[in-house]
Each structure stands twice: as structure tokens, then as C-alpha cells.
Amino acid sequence: MLGKIKQDLQQNLFKTRLTELINMDHPLVKLAHEISWDKIEAEFEGLFSKEGRPSIAVRKIAGMLLLKEMFKESDESVVERWIENAYWQYFTGEDFFQTE
1 MLGKIKQDLQ QNLFKTRLTE LINMDHPLVK LAHEISWDKI EAEFEGLFSK EGRPSIAVRK
61 IAGMLLLKEM FKESDESVVE RWIENAYWQY FTGEDFFQTE
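What follows is the structure, encoded as C-alpha cells:
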């Protein structure tokens, strides 16, 4: 089912916002602002079921595929590097730095 798993904003009280960690002039930040994520989501919307568990956000899926291709990573290594890289997390639509 197309949807986003709702975040518990109260638990984000002690998390660090990515915008406080990263340089907003970084090329990946600029690219993230240039991509029309809403259009990408609209294109993929028809491929999701109307029932069932909410999916991972389309931006995260598409962003990970783009990062995989741009940096010549494997499926496993793009996930491993994503955990370590605040710019990659921002590119895929995260608001807070993720550690898992």
C-alpha cells in the first residue's frame, strides 16, 4: 500500500536534524532540491496496492536507486553507506539523522 509510516515526532526530541549537520551547498543537497519528488511519487503511485501495510516512501526507494547508480554501489553497500552518510539520508528525504 502506498503510504508513509507515520513518525512518532515526540521520540524525535533528542534526535539531530540533518539540516544542522550538513552543508546546504553540498551537491547532493542541491540535487535533492532540483528533483521533483512529487512527480516521481505520482508516477509510481499506480504500482502500489490500495490495501496492506504502508510502504517505504517512494523518495527513499528512488533516492537509494539513484545513489546506487551514481556511486557504483551494490545493493548491500548502498544500504551500509546510507547509515553512515548524512548527505545520502537527506537526499532520500530523511529529516533526522538515522543510525539504523
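Per full-length UniProt numbering, residue 1 is the first one in the sequence shown, and the count goes up by one each step. The C-beta atom is built at its ideal place from N, Cα and C for all residues, glycine as well. Since we're looking at a predicted model, the values are computed, not measured.
Residue i beta carbon near the ligand GTP (any heavy atom closer than 7 Å)
i: Glu73; result: Of the ligands one can find in the structure shown there are none, so the ligand GTP has no counterpart to examine.
Reduced DSSP secondary structure (H/G/I, E/B, other) of residue i
i: Phe96; result: strand
i: Arg59; result: helix
i: Arg53; result: coil
Beta-carbon spacing of residue i, residue j below 8 Å
i: Met70; j: Trp82; result: no
i: Val29; j: Phe44; result: no
i: Thr92; j: Lys60; result: yes
Through-space distance from residue j to residue i, alpha-carbon basis
i: Arg53; j: Glu100; result: 21 Å
i: Glu80; j: Gln89; result: 12 Å
i: Ser55; j: Phe48; result: 8 Å
i: Val78; j: Ile35; result: 20 Å
i: Met24; j: Gly46; result: 33 Å
i: Asp95; j: Leu66; result: 19 Å
i: Asp38; j: His26; result: 22 Å
Same chain only: Cβ atoms within 7 Å of residue i, ignoring 5 sequence neighbours per side
i: Ala86; result: Leu18, Leu21, Ile22, Phe97
8 Å CB neighbourhood of residue i in its chain, flanking five on each side removed
i: Ala74; result: Position check: residue 74 holds Ser in this sequence, whereas Ala was assumed. Lys68, listed in sequence order.
Close beta carbons around residue i, own chain, < 6 Å, minus the five adjacent residues each side
i: Thr16; result: Phe97
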